[in-house]
Structures are given as structure tokens and as C-alpha cells.
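Visitor: Letter 150 of the sequence shown, counting from 1, is numbered 168 in the numbering used here, and no numbers are missing.
First, the structure itself, so that you have it in front of you.
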Amino acid sequence: MPNRRLSSPQSLSWIALLLMLGVSLPLKADSIIRICTPIWQGYTNPDGTGLYHELWELIYEDNGVSVEVSYMPPKRCQANVQTAKLNFDAFPGAYKGMRDIYLPRWHIYVGSLSVAHLKGKIDHWISQEQLKGQRVSWEPNSGFDNNGILTVPVQVHEFVDIDAALKMLDLRRIDFILDYEERLVDAVIDTRLAQRVVIQKDVIPGAKFYLGFRYDDEGRRFAEIWDREMDRLMKSGKLKELFSRFNDPTFD
């Protein structure tokens, strides 16, 4: 049987009073948040250094929550959190519209979109005007055409699988693919199209990315801690100081 130590009625009454007053109680001391992340140089170095490692420590370990980090490719991290596989609680790189993920208020990164096309389609990137009237593909719910990211009219062809989209590009059924550099590079390698496809990297200011949490009560609780502590760090100036030290302009 579990060796559980029960609180006295007097202790419980104090806890109830604190909750009624809206005071947030820290998670139990042995609470652990398990984060799945790709290895991003300067952000999530495998030796435990980097911007995000320091940020997670500031937010969680100072609140009695241990941080455990595992390193996997982006797609695996996303799938592991969405499906609750391997008991992961969160992953960096979530965005609005992503299914089965709890998003906090505070973002962690502002990305830039890259554009993929066949060699010879354009000589070099000039501006979004080169996409005007073209058949452009992106992931469903990305919202590139209705949130101010894309500023020219295009023929939208949403894709479910980026590998399939690249094959359509190779067959000239679409003209361009909009996505983020890492995903495009990985997919081009996977589909063996590196000799035929050009990626114009980080040419369009993109959307905000978040630390995405598992869609359950514990994930929501971790997200609440995230938002509360990000509010505190921003108010104190520590958030801008931390990101500036790593030359990341997200909160400039």
C-alpha cells in the first residue's frame, strides 16, 4: 500500500482559503516536466546548455518542477506529445491551429518562412510578388493567407504531408511550398529531391512558435506556470536580457 502522508483538517482549510483567494500553489517537489526537443545549436545543445535550457530552468526548476529533456527530430517530438507517447509533456515548435496541443499565451520564438521551388522556376528571391497568382502549398490551418503573413493573392493548395507536397512540386502540379527551413530541408533529403529543389531560406517573416503542451490537465497546469513565469520575467526585464545574451530578437 502507498505510504501516503495525509494533511490535517487545519492544513486543508488553509489550502482551501489560498485557493479561494486565487493564490497559486507550487506543484509538489517531485513534479517533473518532460520536454522533447530537437537539437538546435545555441538553443538546446545536448550538453544541457543553450537559451531554451536556461529559460526552462528559470521557469520550472525555480517552481519546484524538475526538467527532463530528450532529443528527437521535430516530427517525433510533436507526435509524442500529441499522442501522449513516452509520457512527454511538452515540445518547442507548436503553432496556432495545431491539433491536440495546449498552447500557452506566451510564445517562445518568431520564425521566418522559407520557400521551396524547382530549379529554374525563379533565378533568385526578390519579394512575395513572385508568388502572386502561383500555385502555392502549405500545411492546413497554417493561416499564412489570412493572418498578414502572405500579402499577395495565390492559388492555395494545402497539403497533409510535406513529402507528398514535394512530390507534387516535382511533378509540376504546384509551383511553391511555404514552410519552415528545417522541415523543408528534412523533407527534401527524405524525398531525395535535393538536386531538383531549391529552398529560399527565411525570406518571409513568419508566425509565432510556442512551447506546446500535452492536451490534458497536467499539460494545462504546466502551461499556466509557463505563462505566469513569462509574465514575471518580462516585467522584471530578465526575459529580454536572457534572449539578448543569446542574440535572439524574439522579445526585442
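Where is the CB? At the ideal position from N, CA and C, for every residue including glycine.
As the structure is a computational prediction, the values presented were derived from the model and not from experiment.
Could you compute how far the alpha carbon of tryptophan 74 sits from the alpha carbon of glutamate 199?
Guide: Distance between the alpha carbons of tryptophan 74 and glutamate 199 is about 24 Å.
Visitor: When the distance is taken between beta carbons, is isoleucine 51 closer than 7 Å to aspartate 141?
Guide: Not closer than 7 Å, so no.
Visitor: Thinking C-beta only, is leucine 131 closer than 7 Å to glycine 224?
Guide: A contact, by the Cβ cut-off of 7 Å.
Visitor: Residues bridged to arginine 52 by DSSP?
Guide: In the DSSP output, where bridge partners are listed per residue, arginine 52 has Glu86.
Visitor: When you compare the CB positions of tyrosine 113 and phenylalanine 261, do they come within less than 7 Å of one another, or not?
Guide: No, these two residues do not count as a Cβ contact at 7 Å.
Visitor: Beta-carbon within less than 8 Å of leucine 45's beta-carbon, same chain only, minus the 5 sequence neighbours each way: which residues are those?
Guide: Residue confidence for leucine 45 is low, a pLDDT of 47 falling below 50, so the modelled location carries little weight and cannot support an answer.
Visitor: For serine 160, count neighbouring C-beta atoms within 10 Å of its own C-beta (all shown protein chains included) and say buried if the count is 16 or more, exposed if not.
Guide: Answer is buried; the Cβ neighbour count reaches 16.
Visitor: Between aspartate 188 and valine 221, what straight-line distance do the alpha-carbon atoms span, to the nearest angstrom?
Guide: Each residue's alpha carbon lies about 21 Å from the other.
Visitor: Can you grab the Cα-Cα spacing for the pair glycine 255 / leucine 196, in whole Å?
Guide: C-alpha separation (whole angstroms): 35 Å.
Visitor: As a quick exercise: from Lys137, Phe109, Pro171, Met116, pick the residue whose alpha carbon is nearest that of isoleucine 126.
Guide: When each option's Cα is compared against that of isoleucine 126, the closest is Phe109.
Visitor: Using the rule of at least 16 other Cβ atoms within 10 Å of the residue's Cβ for burial, across every protein chain shown, is glutamate 86 buried or exposed?
Guide: Glutamate 86 comes out exposed.
Visitor: With DSSP run on the structure shown, which of helix, strand or coil describes glutamate 157?
Guide: Three-state DSSP puts glutamate 157 in coil, outside helix and strand.
Visitor: How is lysine 93 classed by DSSP in three states: helix, strand or coil?
Guide: If DSSP states are grouped into helix, strand and coil, lysine 93 belongs with the helices.
Visitor: Helix, strand or coil, according to DSSP, for valine 174 in the structure here?
Guide: The answer is strand: DSSP assigns valine 174 an E or B state.
Visitor: Using C-beta distances below 7 Å, list every residue in its chain close to glycine 68, excluding the 5 sequence neighbours before and after it, in chain order.
Guide: Once the five neighbours on either side are set aside, the close Cβ partners of glycine 68 are Gly60, Tyr61, Thr62.
Visitor: Helix, strand or coil for arginine 201, going by three-state DSSP, please let me know.
Guide: Looking at arginine 201 - three-state DSSP - the assignment turns out to be helix.
Visitor: In angstroms, rounded to a whole number, what distance separates the CA positions of alanine 47 and valine 133?
Guide: The predicted position of alanine 47 is uncertain, since its pLDDT is 46 and thus under 50; a value taken from the coordinates is nonetheless stated next. Taking the straight line from one Cα to the other gives about 46 Å.
Visitor: Taking its Cβ as the centre, do 16 or more other Cβ atoms sit within 10 Å of alanine 241, making it buried, or is it exposed?
Guide: Label assigned to alanine 241: buried.
Visitor: Whose C-alpha, out of Gly115, Val99, Thr268, is nearest the C-alpha of phenylalanine 162?
Guide: Comparing Cα-Cα distances from phenylalanine 162 to each of Gly115, Val99, Thr268, the minimum goes to Gly115.
Visitor: In the DSSP assignment, find the beta strand (DSSP E) that holds isoleucine 140 and state where it starts and stops.
Guide: It is not in any beta strand (DSSP E) - isoleucine 140 carries neither H nor E in the DSSP assignment.
Visitor: Among the candidates Pro267, Asp249, Gln218, Phe194, whose CA atom is the shortest distance from the CA of proline 122?
Guide: The shortest Cα separation from proline 122 among Pro267, Asp249, Gln218, Phe194 belongs to Asp249.
Visitor: Using 8 Å for Cβ pairs, my map puts alanine 205 next to aspartate 235. What's the rounded Cβ distance?
Guide: About 35 Å separates the two Cβ atoms, so there is no contact after all.
Visitor: Under DSSP, the beta strand (DSSP E) around aspartate 220 begins and ends at which residues?
Guide: Where aspartate 220 is concerned, the enclosing beta strand (DSSP E) stretches over 215–232.
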